[in-house]
Amino acid sequence: MDSTARHERAQQVVTELCDWADTRPDVLALALVGSYARPPGAETAESDVDIIVVTSDPGRYTDGTGNLPPVLELPLLRAKQWGVVAERRSRHATTGLVVELNITTPVWAATEPEVDGGTRRVVRDGIRVLRDRDGLLAKLIDACAA
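Using my numbering, the letters of the sequence shown map in sequence onto residues 10 to 155.
Quick look at the structure:
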């Protein structure tokens, strides 16, 4: 599969995840990060679709699988905790792409007293804001650019 086809499939995943997030009042922000957030060609055939989900209620998505987006196949491929980020890795039911949901609270995007080093690396490696209800990600991106 060429880069254009991969990006089209990734865009389908992103669109469906945005639709899901729009039905969740606790989802404060959603962002595409990693290789698919960069210009076409940055991703490889092995690249997954990395999504940051900033929520006021992470337990809703980490304490079980019932509230995860229905477009993702179960069982999960992996569930792992990375500091304040809970990774939930699954396969997208239609495209077959691996999707990594990185579920976190607004603490992940905090800019005071300073941006966390890991968060800064994620943002600088490529981020595309999909939803940002309160401007949390916009503020984070500005802080990382300074």
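Even for Gly, the Cβ is constructed at its ideal location relative to N, Cα and C.
Original post:
Where do the ends of the beta strand (DSSP E) carrying W29 lie?
Top reply: W29 -> not in any beta strand (DSSP E); alpha helix (DSSP H) instead, spanning 12 to 31.
**OP:** Check whether the region 96 to 107 touches the region 136 to 155, taking contact to mean three or more Cβ pairs, one atom from each stretch, closer than 8 Å.
**Re:** no
Original post:
Looking at the structure shown, is T74 part of a helix, part of a strand, or coil, going by DSSP?
Top reply: coil
Original post:
Touch check for the region 112 to 122 and the region 61 to 68: three-plus C-beta pairs under 8 Å?
Top reply: yes
Original post:
For S44, which residues of its own chain have a beta-carbon under 6 Å away from its beta-carbon, when the five flanking residues on both sides are left out?
Top reply: A51, E52, S56
**OP:** Report yes if the CB atom of A40 is closer than 9 Å to the CB atom of D134, and no otherwise.
**Re:** no
**OP:** Look at the Cβ atom of L145, then the Cβ atom of L110, and state whether they are nearer than 9 Å.
**Re:** no
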